[in-house]
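Visitor: In case it helps, this note's numbering puts the sequence shown at residues 3 to 285. Would you mind keeping the following structure in view while I ask a few things?
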Amino acid sequence: MTKKVGIIGVGLLGGALANRLAQQEWEVIGHDPSATDTDALTMCNHATELVEQCETVLLSLPTSEVVVSVIDLVKSAITDRHCFVDTTTGNPEDMEAIGKNLKELDANYIEANVAGSSKLAKNGKATLFLGGNKKLIHCYQDLLNALASKQFHVGPVGSASRFKLVHNLILGLNRAGLAEGLALAEALGFNASEALTILRETPASSIAMEAKGNKMAEGIYTPPQAKLAQHLKDVRVIRRLADKAGARTPLTNAHQSLLEEAQSLGFGESDNAAIIEAFRHNL
């Protein structure tokens, strides 16, 4: 496999992955109508043009529905030499359908869900959850290793999306718990930044606290590492899957309400640390 890759979707995560690959001396060609030009990659005006130039294509899109529409858009350019490596967090059933659709076109499909913020992804410190055929994944190991050193194959196509949602549920609740605690500290008269300094030296310390604590305490949510609205999208998918599986998610139900409140307050495009504003709103 040559060190040339296309990437459709050059937002927070896609842009970080593009930069990561460029740092590893990959030739990266991108397409995203909403993205600005960057020195890390050459931009194509049309997704079909990108697929015609690149046999390996990363997808980093907002939802699985968008992935479906993009695959349909570039269908005429897809050949048996193509492999789509999908980092989108979406509906697992959609991902299974996408994999089946590409197989009918004699193309390959790998899920490569990214656990971690765009900052971690840019530095190669995120984790990949891989879904798909093991032998196929092995063929693209150079690309996957360039993206992240920590990787876990969790099953066939659809499995990585399911596991990523489990991960996002737990991580999101960690952030929500931190936000509730810091909001309580403020309500009790403590300075949030000073409280954080103490809490970091106790068993209450967490990766979420290191990543989001200062943002919450200072109320600074730009530039975002991961948008609150995007996590709200994930939580809604999580609840639908849980309902279908018969799993109870009372904490996630409350979490969704908090995210919706924060979004209604205007923080949808802010970093997901802004969930604390839902707690502060009625203080």
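Note that the Cβ used here is the ideal one computed from N, Cα and C, for glycine as well. These figures come from a predicted structure and were not determined experimentally.
Take the Cβ of Asn284 as the centre, count every other Cβ of all protein chains shown within 10 Å, and call the residue buried at 16 or more, exposed below.
Guide: Exposed, since its Cβ has fewer than 16 Cβ neighbours within 10 Å.
Visitor: What is the rounded straight-line gap between the Cα of Leu230 and the Cα of Lys6?
Guide: Going by the C-alpha atoms only, they are around 32 Å apart.
Visitor: Spatial neighbours of Val30 within its chain, please: C-beta separation below 7 Å, excluding the five flanking residues on both sides.
Guide: For Val30, where only same-chain residues beyond five positions count, the Cβ hits under 7 Å are Val7, Ile9, Ala20, Leu23, Ala24, Ala42 and Leu43.
Visitor: Would you report the Cα separation of Gln232 and Asp108, rounded to the nearest angstrom?
Guide: Approximately 32 Å, taken between the alpha carbons.
Visitor: Measure the C-alpha to C-alpha separation of Met218 and Gly270 and round it to an integer number of angstroms.
Guide: If I take the Cα positions, the gap works out to 15 Å.
Visitor: State yes or no: is the C-beta of Thr129 within less than 8 Å of the C-beta of Val87?
Guide: No, these two residues do not count as a Cβ contact at 8 Å.
Visitor: Please confirm whether Ala49 and Val72 have their CB atoms less than 8 Å apart.
Guide: Contact flag set, yes.
Visitor: Taking the alpha carbon of Cys56 as the point to measure from, which residue in Ser62, Pro64, Gly126 and Cys46 has its own alpha carbon closest?
Guide: Taking only the C-alpha atoms, the option nearest Cys56 is Cys46.
Visitor: Buried or exposed for Pro94, going by 16 or more other Cβ atoms inside 10 Å?
Guide: It counts as buried.
Visitor: Which ranges would you report for the beta strand (DSSP E) in the stretch 152-207 if only whole runs of at least 3 residues count?
Guide: Complete beta strand (DSSP E) runs here, min 3: 152-157.
Visitor: Classify Asn115: buried if its beta carbon has 16 or more other beta carbons within 10 angstroms, exposed otherwise.
Guide: Result: buried.
Visitor: Give the DSSP bridge partners of Phe131, in chain order.
Guide: Partner(s): Asn115 and Phe154.
Visitor: Might you give, ordered along the chain, the residues of its own chain that have their beta carbon closer than 8 Å to the beta carbon of Ile139, omitting 5 neighbours on each side?
Guide: Taken in chain order, the residues that qualify are Ile112, Leu132, Leu146 and His155.
Visitor: Given Gly174, which residues of its chain have a CB within under 7 Å of its CB, disregarding the five upstream and five downstream residues?
Guide: Cβ within range, chain order: His233, Val237 and His257.
Visitor: By DSSP's criteria, Asp273 is part of a beta bridge. Which residues make up the other side?
Guide: According to DSSP, Asp273 bridges with Lys229.
Visitor: At the level of alpha carbons, what is the spacing between Gly179 and Met211?
Guide: Roughly 10 Å between the two C-alpha positions.
Visitor: State the Cα-Cα distance for the pair Pro252 and Asn176, rounded to the nearest angstrom.
Guide: Using only the alpha carbons, I get a separation of about 15 Å.
Visitor: Based on Cα-Cα distance, which residue from Asn135, Ala123 and Ser163 lies nearest to Lys152?
Guide: The option with the nearest alpha carbon to Lys152 is Ala123.
Visitor: Measuring only the C-alpha atoms, how far is Leu267 from Ala280?
Guide: About 8 Å.
Visitor: Can you name the start and end residues of the beta strand (DSSP E) that Ile9 belongs to?
Guide: Residues Lys6 to Ile10.
Visitor: Does DSSP put His48 in a helix, a strand or coil?
Guide: Here His48 sits in coil by DSSP.
Visitor: If you draw a straight line from the alpha carbon of Leu190 to that of Ala148, how long is it in whole angstroms?
Guide: Distance between the alpha carbons of Leu190 and Ala148: 47 Å.
Visitor: With the cut-off set at 8 Å, would you say Leu14 and Thr89 are in Cβ contact?
Guide: Going by C-beta atoms, Leu14 is not nearer than 8 Å to Thr89.
Visitor: Short check: CB of Ala228 to CB of Asn193, under 8 Å?
Guide: The answer is no: Cβ separation not under 8 Å.
Visitor: Would His169 pass as a contact of Ala247 if the rule is Cβ separation under 8 Å?
Guide: It is not a contact, given that the beta carbons lie outside the stated cut-off.
Visitor: In terms of alpha-carbon separation, which member of Trp28, Pro35, Lys105 and Ser163 lies closest to Thr65?
Guide: Nearest C-alpha to Thr65: Ser163.
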